[in-house]
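Read through the structure below, which is laid out as structure tokens, and then see the notes.
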Amino acid sequence: MIQSMTGFGKSVLQLPNKKITIEIKSLNSKNLDLNTRIPSLYREKELAIRQLISKSLNRGKVDFSLYLEITGEETSSKVNEVVVKEYMNQIRDLSPYFKGGDQEVELAKMAIRMPDSLTTTREELDESEFKAIENEIKLALEAINKYRLDEGKVLEKDFLDRVSNIDSLLNRVIEIDPERIEQVRERLTKGINELKEQHDPNRFEQELIYYIEKYDITEEKVRLKNHLDYFKETLASADSNGKKLGFICQEIGREINTIGSKSNYAAMQQLVVQMKDELEKIKEQMLNVL
Numbered sequence: 001m002i003q004s005m006t007g008f009g010k011s012v013l014q015l016p017n018k019k020i021t022i023e024i025k026s027l028n029s030k031n032l033d034l035n036t037r038i039p040s041l042y043r044e045k046e047l048a049i050r051q052l053i054s055k056s057l058n059r060g061k062v063d064f065s066l067y068l069e070i071t072g073e074e075t076s077s078k079v080n081e082v083v084v085k086e087y088m089n090q091i092r093d094l095s096p097y098f099k100g101g102d103q104e105v106e107l108a109k110m111a112i113r114m115p116d117s118l119t120t121t122r123e124e125l126d127e128s129e130f131k132a133i134e135n136e137i138k139l140a141l142e143a144i145n146k147y148r149l150d151e152g153k154v155l156e157k158d159f160l161d162r163v164s165n166i167d168s169l170l171n172r173v174i175e176i177d178p179e180r181i182e183q184v185r186e187r188l189t190k191g192i193n194e195l196k197e198q199h200d201p202n203r204f205e206q207e208l209i210y211y212i213e214k215y216d217i218t219e220e221k222v223r224l225k226n227h228l229d230y231f232k233e234t235l236a237s238a239d240s241n242g243k244k245l246g247f248i249c250q251e252i253g254r255e256i257n258t259i260g261s262k263s264n265y266a267a268m269q270q271l272v273v274q275m276k277d278e279l280e281k282i283k284e285q286m287l288n289v290l
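Taking the UniProt record's numbering, the leading residue of the sequence shown gets 1, the next gets one more, and so forth.
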């Protein structure tokens with residue numbers, strides 16, 4: 001079952017004094033391109049988080065965000081009373097305007113903005129808390145993988161429809177191939193007759209056979225049919241392998257191009273153009289397959 005590289009997963013963890021929101025978004029990329037946005041409190045666990053994500057998401061441009069919202073009364077910033085009072089005393093000495101009365105509030109506002117008026121204590125990471133966060137990350141990864149799987153089902157249906165269209169067009173190519181060969185034979189015979197030159201019928205027949213063999217597409221038809229079957233077989237496999245499917249598409253394209261170059265017949269070339277159009281649409285979507 002194929003998976004898309006496009007996905008989104010989200011999980012929310014409510015702790016006694018904080019709310020943690022985890023979001024994971026992914027787009028298509030040749031390899032795993034992981035960007036993380038993590039609060040400084042959990043920065044020491046970034047490597048563990050990256051390893052957890054890389055095990056679950058093999059490829060894609062992945063953006064991981066961990067948002068922290070304090071919901072309790074605790075705060076890491078405290079007012080440094082000694083420093084604030086000293087600032088207030090210095091400001092009073094500089095300006096009589098701030099001495100006494102209602103100006104004390106304004107004075108405090110000014111002092112609190114001064115350097116070192118607030119002290120920040122670094123909160124130590126609680127391992128049990130991170131364990132809960134790690135479980136939430138796993139839930140978000142499950143959500144994004146489900147999203148990818150659902151998107152993959154849509155892509156799979158589209159691929160099967162387009163491969164079926166190419167198969168139908170190939171059958172039409174097979175149907176008109178005998179009349180193409182006959183038309184080539186008639187065109188060559190007419191050309192020789194118009195020259196009004198004497199020729200050896202046996203030699204002409206040999207040359208005609210050689211010329212027609214150059215335009216024979218029997219091998220290409222068989223190989224194209226095999227590649228289409230192999231594509232569907234790979235599509236139905238348990239693992240999602242976008243790179244392998246991409247290689248098969250290259251082989252399908254090679255056979256279609258060879259049929260087009262050998263056809264020398266307008267009706268067949270029109271069918272080839274339609275096959276190329278279907279294949280290009282597959283290739284465009286294939287860039288998004290995991």
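Glycine included, every Cβ here is placed at the ideal spot set by N, Cα and C.
Keep in mind it's a predicted model, so treat the numbers as computed, not measured.
Do you know whose CA, among I282, E284, E255 and N288, lies nearest V272's CA?
Against the sequence shown, residue 272 aligns to sequence position 272. Checking every option, the nearest Cα to that of V272 belongs to E255.
What's the gap between the Cα of K25 and the Cα of K55?
Position 25 of the sequence shown, counting from 1, holds the residue named residue 25. Position 55 of the sequence shown, counting from 1, holds the residue named residue 55. Rounded to whole angstroms, K25 to K55 spans 16 Å at the Cα level.
Based on Cα-Cα distance, which residue from S261, N257 and A236 lies nearest to Y215?
Taking the first residue of the sequence shown as position 1, residue 215 is located at position 215. Minimum Cα distance to Y215 is reached at S261.
Kindly indicate which three-state DSSP category E23 falls into: helix, strand or coil?
What you label residue 23 is simply residue 23 of the sequence shown in a count that begins at 1. Note: E23 maps to strand in three-state DSSP.
Taking only three categories from DSSP, how would you classify residue 293?
Given that the chain is displayed from residue 1 to residue 290, the structure contains no residue 293 and the question cannot be resolved.
Rank I22, K276, V289 and I38 by C-alpha distance to the C-alpha of D239 and give the top, closest one.
Numbered from its first residue, the sequence shown carries residue 239 at position 239. Comparing Cα-Cα distances from D239 to each of I22, K276, V289 and I38, the minimum goes to V289.
Compute the Euclidean distance between the alpha carbons of R148 and R59, then round it to the nearest angstrom.
One-based indexing of the sequence shown puts residue 148 at position 148. One-based indexing of the sequence shown puts residue 59 at position 59. Distance between the alpha carbons of R148 and R59 is about 12 Å.
Just the Cα atoms here: how many angstroms apart are L118 and K78?
As a first step, residue 118 is located in the sequence shown; it is residue number 118 there, counting from the start. As a first step, residue 78 is located in the sequence shown; it is residue number 78 there, counting from the start. Between L118 and K78, the C-alpha separation is close to 6 Å.
CA-CA distance, I20 and Q14?
Here residue 20 refers to the residue found at position 20 when the sequence shown is read from its first residue. Here residue 14 refers to the residue found at position 14 when the sequence shown is read from its first residue. Roughly 6 Å between the two C-alpha positions.
Can you tell me the Cα-Cα spacing of V12 and E151, whole angstroms?
As a working mapping, residue 12 is identified with position 12 in the sequence shown. As a working mapping, residue 151 is identified with position 151 in the sequence shown. In a straight line, the C-alpha of V12 is about 23 Å away from that of E151.
Kindly indicate which three-state DSSP category K30 falls into: helix, strand or coil?
As a first step, residue 30 is located in the sequence shown; it is residue number 30 there, counting from the start. Of the three classes helix, strand and coil, the one that applies to K30 here is coil, per DSSP.
Buried or exposed: where does I70 fall if 16 or more other Cβ atoms within 10 Å of its Cβ makes it buried?
Taking the first residue of the sequence shown as 1, we reach residue 70 at position 70. Exposed, since its Cβ has fewer than 16 Cβ neighbours within 10 Å.
Less than 8 Å between the CB atoms is what I'm expecting for M275 and G246, so what's the real figure, rounded?
Counting from one through the sequence shown, the residue named residue 275 turns up at place 275. Counting from one through the sequence shown, the residue named residue 246 turns up at place 246. Contact doesn't hold; Cβ gap of about 18 Å is too wide.
What does the Cβ neighbour count give for Y67, buried or exposed, with the cut at 16 atoms within 10 Å?
Along the sequence shown, read from residue 1 onward, the residue named residue 67 stands at position 67. Exposed.
Using a Cβ-Cβ cut-off of 8 Å (strictly less than) and excluding sequence neighbours within five positions of D116, which residues of its own chain qualify?
Residue mapping note: residue 116 aligns to position 116 of the sequence shown, counting from 1. Cβ neighbours of D116 beyond the five flanking positions: N80 and V83.
Are the stretch 224-237 and the stretch 155-169 in contact at 8 Å, needing three or more beta carbon pairs?
Touching, yes, given that three or more Cβ pairs across the two stretches are closer than 8 Å.
Using only CA atoms, which one of D177, R37, I248 and A108 lies nearest to D229?
Residue mapping note: residue 229 aligns to position 229 of the sequence shown, counting from 1. Ranking the options by Cα distance to D229, first place goes to I248.
What are the residues that DSSP puts in a beta bridge with S11?
Position 11 of the sequence shown, counting from 1, holds the residue named residue 11. DSSP output for S11 lists I22 as bridge partner(s).
Helix, strand or coil for T6, going by three-state DSSP, please let me know.
On the sequence shown, position 6 is the one that residue 6 refers to. Residue state, collapsed to three classes: coil.
Please list the segments of the alpha helix (DSSP H) lying wholly inside the UniProt domain "Endoribonuclease YicC-like C-terminal" (176-289), counting only runs of 4 or more residues, in order along the chain.
Segments of the alpha helix (DSSP H) lying fully in the UniProt domain "Endoribonuclease YicC-like C-terminal" (176-289): 201-214, 218-235, 242-263 and 266-286.
Taking the alpha-carbon positions, what's the V184 to I212 distance?
Taking the sequence shown and counting its residues from 1, the one referred to as residue 184 is at position 184. Taking the sequence shown and counting its residues from 1, the one referred to as residue 212 is at position 212. Their Cα atoms are separated by approximately 7 Å.
Could you tell me the distance, in whole angstroms, from the CA atom of A143 to the CA atom of I133?
Taking the sequence shown and counting its residues from 1, one reaches residue 143 at position 143. Taking the sequence shown and counting its residues from 1, one reaches residue 133 at position 133. So the alpha carbons of these two residues sit roughly 15 Å apart.
Out of I259, L279, S65 and A111, which one is the CA nearest neighbour of R43?
Along the sequence shown, one-based indexing puts residue 43 at 43. Out of I259, L279, S65 and A111, S65 has the C-alpha closest to the C-alpha of R43.
Which of helix, strand or coil does DSSP assign to N35?
Position 35 of the sequence shown, counting from 1, holds the residue named residue 35. Of the three classes helix, strand and coil, the one that applies to N35 here is strand, per DSSP.
When the Cα of K30 is compared with those of I38, K61 and R113, which residue comes out closest?
Locating residue 30 in the sequence shown gives position 30, where the first residue counts as 1. Comparing Cα positions, the closest option is K61.
Can you give the Cα-Cα distance for D167 and M5, rounded to whole angstroms?
In the sequence shown, the residue the question calls residue 167 occupies position 167. In the sequence shown, the residue the question calls residue 5 occupies position 5. Those two C-alpha atoms are separated by around 27 Å.
For V154, is the classification buried or exposed, using 16 other Cβ atoms within 10 angstroms of its Cβ as the cut-off for buried?
Residue numbering aside, residue 154 sits at position 154 when the sequence shown is read from its first letter. Exposed: under 16 other Cβ atoms inside 10 Å.
Which residue marks the beginning of the alpha helix (DSSP H) containing Y54, and which one marks its end?
Locating residue 54 in the sequence shown gives position 54, where the first residue counts as 1. For the record, residue 54 in the displayed sequence is Ser; it is not Tyr. Segment E46 to S56, the alpha helix (DSSP H) holding S54.
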